[in-house]
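Just remember that the numbering used here sits 6 ahead of the position in the sequence shown, which is counted from 1. Cβ atoms here follow ideal geometry from the backbone N, Cα and C, with glycine treated the same way.
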Amino acid sequence: MFSHEQVSVRRGPRSGLPIIIAIHSSALGPAVGGCRLWHYPDWRDGLTDALRLSEAMTLKTATANVPHGGGKTVVALPPGVVLDGPARRDVLRDVGELVESFGGRYATGPDVGTSAEDMNIISEATRQVFCRPESVGGSGDPAPYTAAGVRAAIGAVFRLLEGRNGANEVRGRTVTVIGLGHVGTQLARMLARDGAMLTVTDVDERRRSLAEELGAEWCAPGQALTAETDLLVPAALGGQLTVELVPELRCRAIVGPANNQLAEDAVAELLHRRGIPWVPDYLASAGGVIFALARELRGATPDEALRQVGGIGAVTEELLHNAARLGISPHLAALRRVGERLAAAPDAESAPTIAVREAIKAPMMN
Numbered sequence: 007m008f009s010h011e012q013v014s015v016r017r018g019p020r021s022g023l024p025i026i027i028a029i030h031s032s033a034l035g036p037a038v039g040g041c042r043l044w045h046y047p048d049w050r051d052g053l054t055d056a057l058r059l060s061e062a063m064t065l066k067t068a069t070a071n072v073p074h075g076g077g078k079t080v081v082a083l084p085p086g087v088v089l090d091g092p093a094r095r096d097v098l099r100d101v102g103e104l105v106e107s108f109g110g111r112y113a114t115g116p117d118v119g120t121s122a123e124d125m126n127i128i129s130e131a132t133r134q135v136f137c138r139p140e141s142v143g144g145s146g147d148p149a150p151y152t153a154a155g156v157r158a159a160i161g162a163v164f165r166l167l168e169g170r171n172g173a174n175e176v177r178g179r180t181v182t183v184i185g186l187g188h189v190g191t192q193l194a195r196m197l198a199r200d201g202a203m204l205t206v207t208d209v210d211e212r213r214r215s216l217a218e219e220l221g222a223e224w225c226a227p228g229q230a231l232t233a234e235t236d237l238l239v240p241a242a243l244g245g246q247l248t249v250e251l252v253p254e255l256r257c258r259a260i261v262g263p264a265n266n267q268l269a270e271d272a273v274a275e276l277l278h279r280r281g282i283p284w285v286p287d288y289l290a291s292a293g294g295v296i297f298a299l300a301r302e303l304r305g306a307t308p309d310e311a312l313r314q315v316g317g318i319g320a321v322t323e324e325l326l327h328n329a330a331r332l333g334i335s336p337h338l339a340a341l342r343r344v345g346e347r348l349a350a351a352p353d354a355e356s357a358p359t360i361a362v363r364e365a366i367k368a369p370m371m372n
């Protein structure tokens, strides 16, 4: 695990609950990360989560060329604790005050257990918050922009594989979308609109109606990962790409918004050996946070922010070309790029690059 610039653990003065904010890095700009409100067996488990997730945010922002570092807020709820309205407001006010205490070095947004409405409450105590409701001047639901970023990454992959350009990149190509939640549904609609031949699946059978609406094939969740397809789109739970699965894959490439798709880092190397490009999920899924940060923290117009989301395509294309040139996986190429960016930052001494450098030193197997 990377070292961290600063970690604050405080018992909320109103709520009495443990609130953890971890700043992994601010070398490339103020740190950002979601506010997770979750039950943990012990508050130290929440601390471990905050350290891990803030590190992942540095990787996301640095890979996507976002001028921010990585951080995370975790409210560690004891088992069985349920927050009613006033108690929830108390803990969110506590979070806002702790965020404000960082003096602009850290901003937070929604994550597991929190919503845009919660961010509005946090904003009563700090301006360092994003993804507030549109009705109060925020950027609103990030899902459409997350989907747009994935779509841009998909375009880059097909340009690499087939030299296709424009909106016809996916026309006539087979695409399998696994998971029809908020982001997966929006992405499936985009791909159908652009002429992809869709197969979709979800553990919720009620989602089958979307397949009918889009003229897509429906398959059982257990069959989707090994379906014969041009593109596999993981949009559900993480950890589905395992060492055991890689030999069974029948896809040409993998791009999706699901977080933590790899069960372990070794899977990236195995995919590389099989010649299956995998766009790192921390890049493919960055569109929502790119849009929100541009709108709410940097004052961009909606059109400007959307153009920045579309830039994921160019970043993906560059990453895949660099990985191919170096003969390494896109994941390792991304880690290498992050290490270089952090090392070159003006405040390089505060840039925690130990884990990245260890990854760079690892044997580059072909």
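Query	Result
Sort out for me which residues DSSP pairs Ser14 with in a bridge.	Ile27
With 16 as the cutoff for other CB atoms within 10 Å, does Ala62 come out buried or exposed?	buried
Measure the Cβ-Cβ separation of Gln117 and Arg16 and say whether it is below 8 Å.	Checking the sequence shown, residue 117 turns out to be Asp, not Gln. No, the pair does not count as a contact, with Cβ atoms beyond the cut-off.
Between the Cα of Thr235 and those of Val261, Ala56, Gly294 and Gly144, spot the shortest distance and give me the residue it belongs to.	Val261
Quick check on this structure: which residue in Val142, Val206 and Ala68 has the alpha carbon closest to the alpha carbon of Gly76?	Ala68
Let me make sure I understand the geometry here. Which of Glu211, Asp210, Gly187 and Ala222 has the alpha-carbon closest to that of Ala198?	Ala222
Going by other Cβ atoms of all chains shown within 10 Å of its Cβ, with 16 needed for buried, is Val378 buried or exposed?	Summary: the structure shown does not reach residue 378, with the chain confined to residues 7 through 372, and so no result is reported for it.
For the candidate residues Ala70, Val97, Leu277 and Glu11, whose alpha-carbon lies nearest to that of Gly22?	Val97
Could you check if Arg50 is buried or exposed, using at least 16 other CB atoms within 10 Å of its CB as the buried criterion?	exposed
Give me the Cβ distance between Arg258 and Leu167, rounded to the nearest whole Å; I'm assuming they're in contact under 8 Å.	6 Å
For Gly86, which of helix, strand or coil comes out of DSSP?	coil
Going by beta carbon distance, what residues of the same chain come within less than 8 Å of Pro352, once the five residues before and after it are set aside?	Ala33
Counting along the chain, where does the alpha helix (DSSP H) carrying Trp49 start and finish?	Trp49 to Thr69
From the DSSP output, in three-state form, read off Asp96 for me.	helix
Is there contact between the stretch 204-220 and the stretch 228-244, where contact requires at least three CB pairs shorter than 8 Å?	yes
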